[in-house]
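The sequence shown begins at 173 in my numbering and counts up one residue at a time. No residue lacks a Cβ here, since even glycine has one placed at the ideal position from N, Cα and C.
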Amino acid sequence: MSVSINGPVTVMALVTIAEDEPMALAEYLRVTGPLLDGVGACITNRFVINEMVVGAAPAQSILMVRYPNRAAVDRVFDSPEYKSIIPMRDRAFLTYKISIVTE
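Laid out in structure tokens, this is it:
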């Protein structure tokens, strides 16, 4: 299934924060906040995984981020600013998985 190029896109982030790296997380958020704002994206939902019924937990938290279109997703993740903080991202999160989802 392909994603609509022109319509809104929802990204699901499965993340587990590295509790021992608060400075890395702060730097990651300092850079990514303006990137999301710049393309008109916003976090629409946050969920904490409290209990698993079957299987292992995929992450600590789930964030749903709404982008205005697929190109906006690429502008964030392909930007020089985002690429420059990948080492911080890798320190800030134990789990970091990004997927585009459909409703």
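Where residue i sits in the DSSP three-state scheme
i	result
V181	strand
I258	helix
V220	strand
V225	coil
M173	Only weak support is given to the placement of M173: the predicted model assigns it a pLDDT of 47, under 50, and the question is left unresolved by the model.
D250	coil
Endpoints, the beta strand (DSSP E) within which residue i is located
i	result
M195	Here M195 belongs to no beta strand (DSSP E); instead the alpha helix (DSSP H) covers P194 to V211.
According to DSSP, residues forming a beta bridge with residue i
i	result
R238	T182 and C214
T267	T188
S233	V187 and V220
V273	T182
Reference residue i, options the options, closest by Cα
i	options	result
I257	T204, A229, R218 and A213	T204
R218	M260, R261, G179 and V183	V183
V237	I270, N178 and R202	I270
Neighbourhood of residue i by C-beta, 6 angstroms cutoff - its chain only, sequence neighbours within 5 removed
i	result
V220	S233
Y200	I257, M260, R261 and A264
G212	P240
Proximal residues to residue i (C-beta, below 8 angstroms), its chain only, five neighbours per side dropped
i	result
M224	none
E193	R263 and A264
Cutoff 7 angstroms; reference residue i; Cβ partners in own chain excluding five residues on either side
i	result
F265	V187, T188, I189 and A190
Min CB distance residue i to chain B below 8 angstroms
i	result
T267	Protein chains in the displayed structure number just one, and chain B is not present.
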